[in-house]
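First the structure, in the form of structure tokens, and then the observations on it.
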Amino acid sequence: MIDGGTLSLFLLAVLALFLSPGPNMAFVLSHGIAMGPRAGFAAGLGIAGADLVHTLCAATGITALVAAWPPSFDVLRHAGALYLLWLAWQAIRTGDERLQGRADAMSFWRVVRMAWLNNLVNPKALLFFMVFLPQFVSPARGSVPMQLLQLGISLSLAGLLFNTMLGACSGQIGRWLQRRRAAGFQRGLLATVMVALALRLLFIDRPSKGF
Numbered sequence: 008m009i010d011g012g013t014l015s016l017f018l019l020a021v022l023a024l025f026l027s028p029g030p031n032m033a034f035v036l037s038h039g040i041a042m043g044p045r046a047g048f049a050a051g052l053g054i055a056g057a058d059l060v061h062t063l064c065a066a067t068g069i070t071a072l073v074a075a076w077p078p079s080f081d082v083l084r085h086a087g088a089l090y091l092l093w094l095a096w097q098a099i100r101t102g103d104e105r106l107q108g109r110a111d112a113m114s115f116w117r118v119v120r121m122a123w124l125n126n127l128v129n130p131k132a133l134l135f136f137m138v139f140l141p142q143f144v145s146p147a148r149g150s151v152p153m154q155l156l157q158l159g160i161s162l163s164l165a166g167l168l169f170n171t172m173l174g175a176c177s178g179q180i181g182r183w184l185q186r187r188r189a190a191g192f193q194r195g196l197l198a199t200v201m202v203a204l205a206l207r208l209l210f211i212d213r214p215s216k217g218f
């Protein structure tokens with residue numbers, strides 16, 4: 008079991024990571040601004056779900072097996088980049104009504120799935136869970152996989168809380184833009200962020216260890 012001191016230190020480190028601009032923050036902010044607080048929360052929920060999958064993969068050794076296959080890094084980053092470019096195209100071709108929270112358009116669960124898949128195919132996220140979580144694990148305190156699960160679940164819940172607040176704030180900006188009939192700007196912003204994230208994924212350096 009993780010002791011209280013280690014868990015507190017872990018959560019402080021996680022908070023510092025959350026506050027650093029990154030792809031997850033950009034994903035939540037862009038969807039909140041484009042589609043409102045509900046979409047921002049949906050993006051956060053999808054990211055948290057993917058974090059749980061990454062945790063399970065790290066705890067069971069699946070991540071290490073994937074990382075041991077050299078082409079996996081390129082396969083994941085190219086798949087992720089293509090998916091982000093597809094999301095950018097979808098944002099451009101979406102009509103104005105879809106950016107106004109209509110239930111028959113960009114549904115809550117669709118945004119959840121997009122965020123989940125985007126995080127899941129990010130090789131940097133996979134490597135992060137393989138490298139970061141074990142730093143707070145002590146074999147003397149019992150089962151290592153169970154400790155990894157505890158840490159991963161704590162990270163996912165903390166991330167969901169943080170991204171919910173982030174989505175709520177960005178969603179208020181989105182509502183303000185909607186009142187000024189700036190749906191075109193919202194779509195353009197969302198598409199631009201997705202393209203930027205795709206390019207970032209394509210040009211990230213291969214890590215020296217793993218993959």
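Counting the sequence shown from 1 gives a position; our numbering is that position plus 7.
All C-beta atoms, glycine included, are put in the ideal place defined by N, C-alpha and C.
Straight-line gap, residue i to residue j (C-alpha atoms, nearest Å)
i, j, result
"valine 60", "isoleucine 54", "10 Å"
"leucine 52", "glycine 178", "15 Å"
"asparagine 31", "proline 146", "31 Å"
"glutamine 107", "leucine 124", "Because glutamine 107 sits at a pLDDT of 46, beneath the cut-off of 50, its placement in the model cannot be relied upon, and the following sentence gives the value as read from the coordinates. Roughly 24 Å between the two C-alpha positions."
"cysteine 176", "glycine 39", "8 Å"
"leucine 204", "leucine 91", "7 Å"
"phenylalanine 115", "alanine 50", "9 Å"
"aspartate 81", "leucine 208", "10 Å"
"glutamine 154", "phenylalanine 136", "13 Å"
"valine 138", "glycine 195", "36 Å"
"methionine 201", "alanine 33", "9 Å"
"methionine 172", "proline 28", "15 Å"
"phenylalanine 25", "phenylalanine 169", "8 Å"
"aspartate 103", "valine 128", "Reliability fails at aspartate 103, whose pLDDT of 48 lies under 50, so the model's placement of it is uncertain and no value is given."
"alanine 112", "leucine 14", "Residue confidence is low: alanine 112 scores 47 on pLDDT, short of 50, so the model does not pin down where it sits. Its coordinate-derived value is still stated next. So the alpha carbons of these two residues sit roughly 41 Å apart."
"proline 77", "leucine 83", "11 Å"
"leucine 197", "glutamine 142", "35 Å"
"leucine 164", "tryptophan 96", "31 Å"
Option nearest residue i by Cα separation, candidates the options
i, options, result
"threonine 67", "Leu83, Ser150 and Ala88", "Ser150"
"leucine 89", "Met121, Arg117, Ala75 and Thr62", "Met121"
"valine 118", "Ala41, Arg100 and Ala132", "Ala41"
"glutamine 193", "Thr70, Phe210 and Leu36", "Leu36"
"isoleucine 99", "Phe136, Arg207, Met8 and Thr199", "Thr199"
"leucine 184", "Met8, Pro44, Leu19 and Gly12", "Pro44"
"leucine 16", "Ile69, Ala46, His85 and Leu162", "Leu162"
For residue i, the three-state DSSP class (helix, strand or coil)
i, result
"isoleucine 40", "helix"
"methionine 201", "helix"
"aspartate 103", "Low confidence applies to aspartate 103: its pLDDT is 48, below 50, so where it sits in the model is not reliable enough to give any reading."
"tryptophan 219", "Within the shown structure, residues of the chain are numbered from 8 to 218, placing residue 219 beyond reach of any answer."
"arginine 109", "Here arginine 109 scores only 45 on pLDDT, less than 50, and its place in the model should not be relied on; the value that follows carries that caveat. Reduced to three states, the DSSP call for arginine 109 is coil."
"proline 28", "coil"
"methionine 172", "helix"
"isoleucine 54", "helix"
"glycine 149", "coil"
Cβ separation of residue i and residue j, assumed to be a contact under 8 Å, to the nearest whole Å
i, j, result
"glycine 166", "leucine 140", "So it is not a contact: roughly 13 Å between Cβ atoms."
"glycine 181", "phenylalanine 48", "The pair is not a contact, with the Cβ atoms about 12 Å apart (cut-off 8 Å)."
"leucine 133", "threonine 70", "6 Å"
Closer than 9 Å to chain B by CB, residue i
i, result
"alanine 165", "No chain B appears in this structure, which consists of one protein chain only."
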